[in-house]
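In this text, residue positions in the sequence shown follow our numbering: the first is 3, and each later residue adds one. Think of the CB as a built atom: it goes at the ideal place given N, C-alpha and C, for glycine as much as any other residue. The block underneath contains the structure these notes are about, expressed in structure tokens.
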Amino acid sequence: MAKLTKKLKEAAGKIDSNKMYNLEEASALVKEVNIAKFDASVDIAVRLGVDPRKANQMVRGVVSLPHGTGKDVKVLALVTPDKEAEATAAGADYVGLDEYLQKIKDGWTDVDVIVTMPAVMGKLGPLGRVLGPRGLMPNPKSGTVTMDIGKAVAEVKAGKIDFKVDKYGIIHAGIGKVSFDAQQIKENASELLSTLMKLKPTAAKGIYVKSINMSSTMSPGISIDTKSAN
Numbered sequence: 003m004a005k006l007t008k009k010l011k012e013a014a015g016k017i018d019s020n021k022m023y024n025l026e027e028a029s030a031l032v033k034e035v036n037i038a039k040f041d042a043s044v045d046i047a048v049r050l051g052v053d054p055r056k057a058n059q060m061v062r063g064v065v066s067l068p069h070g071t072g073k074d075v076k077v078l079a080l081v082t083p084d085k086e087a088e089a090t091a092a093g094a095d096y097v098g099l100d101e102y103l104q105k106i107k108d109g110w111t112d113v114d115v116i117v118t119m120p121a122v123m124g125k126l127g128p129l130g131r132v133l134g135p136r137g138l139m140p141n142p143k144s145g146t147v148t149m150d151i152g153k154a155v156a157e158v159k160a161g162k163i164d165f166k167v168d169k170y171g172i173i174h175a176g177i178g179k180v181s182f183d184a185q186q187i188k189e190n191a192s193e194l195l196s197t198l199m200k201l202k203p204t205a206a207k208g209i210y211v212k213s214i215n216m217s218s219t220m221s222p223g224i225s226i227d228t229k230s231a232n
């Protein structure tokens, strides 16, 4: 087992492992136990009582965090020439079509989100092996395949994120930075959790939210009372 550093021991000592913190307490504590020398990300992990192997228990959605993610999200808009000005005005970092499709074929994936139009999706199909594993394939359900390109780009830049339960039944999401104040972290977390509650599959039986854990990059995790999700 890896030895804990002095700073990590000090941080862990501030967390009561026998306590379930409420959302407000955890949002303040995650700032206090941060040991990174950079503006660390604040992450939340929610274990759900679903079986993601079953299509009718898959949980996937989008949420617009009220205070954004704190990240400068790089957006590629794959659009036809008539939509280029709209995408650029909304703040897309890269705008175009065929030249970027070729770059992706050549291995370029230096973006966080790709927004495109329904008519372009046919050209993206062959790139699924490159984009899929990186979570970059646009999807109508996440609002990244649309004719309203300007709105889609603006929402992503402002803090709209998509999430999907992994094979272990856990939702992982970045909800801000430790430089946010505790209230901002709490409100972002609360928005994600309330969105998750609305997405409970009817086929899922028993306890839906089994556990919630909040942490920052390199910091110990903080257990949150699951009633905070209600």
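From which residue to which residue does the alpha helix (DSSP H) around residue i run?
i	result
residue 131	130-133
residue 190	184-200
residue 211	Run containing residue 211: none in the alpha helix (DSSP H); it sits in the beta strand (DSSP E), 211-218.
residue 89	86-92
residue 29	25-34
Specify the secondary structure class of residue i as computed by DSSP and reduced to three states.
i	result
residue 42	coil
residue 3	Low confidence applies here, because residue 3 scores a pLDDT of 39, under 50, leaving its location unreliable and the question unanswered by this model.
residue 205	coil
residue 19	coil
residue 63	strand
residue 10	helix
residue 55	coil
residue 125	helix
residue 179	strand
residue 221	coil
residue 50	strand
residue 37	coil
residue 69	coil
In whole angstroms, give me the CA-to-CA distance for residue i and residue j.
i	j	result
residue 216	residue 46	5 Å
residue 227	residue 100	49 Å
residue 3	residue 66	Bear in mind that a pLDDT of 39 at residue 3, under 50, signals an unreliable position, so the number given afterwards is only what the model happens to contain. About 39 Å.
residue 176	residue 43	7 Å
residue 20	residue 84	58 Å
residue 157	residue 186	18 Å
residue 88	residue 8	52 Å
residue 125	residue 139	12 Å
residue 220	residue 38	7 Å
residue 98	residue 82	7 Å
residue 13	residue 134	37 Å
residue 127	residue 34	45 Å
residue 86	residue 28	43 Å
residue 174	residue 104	31 Å
residue 22	residue 214	9 Å
residue 115	residue 77	5 Å
residue 205	residue 57	10 Å
residue 137	residue 166	10 Å
residue 36	residue 180	7 Å
residue 142	residue 182	31 Å
residue 229	residue 96	42 Å
residue 94	residue 68	20 Å
residue 41	residue 210	32 Å
Are the CB atoms of residue j and residue i within a distance shorter than 7 Å?
i	j	result
residue 92	residue 152	yes
residue 191	residue 10	no
residue 75	residue 159	yes
residue 72	residue 178	yes
residue 80	residue 122	yes
residue 118	residue 147	yes
residue 212	residue 55	no
residue 197	residue 63	yes
residue 201	residue 61	yes
residue 195	residue 231	yes
residue 32	residue 225	no
In the DSSP assignment, the beta strand (DSSP E) including residue i goes from what residue to what residue?
i	result
residue 118	115-118
residue 96	96-98
residue 166	162-166
residue 77	77-80
residue 230	Note, residue 230: premise wrong, no beta strand (DSSP E); not H, not E.
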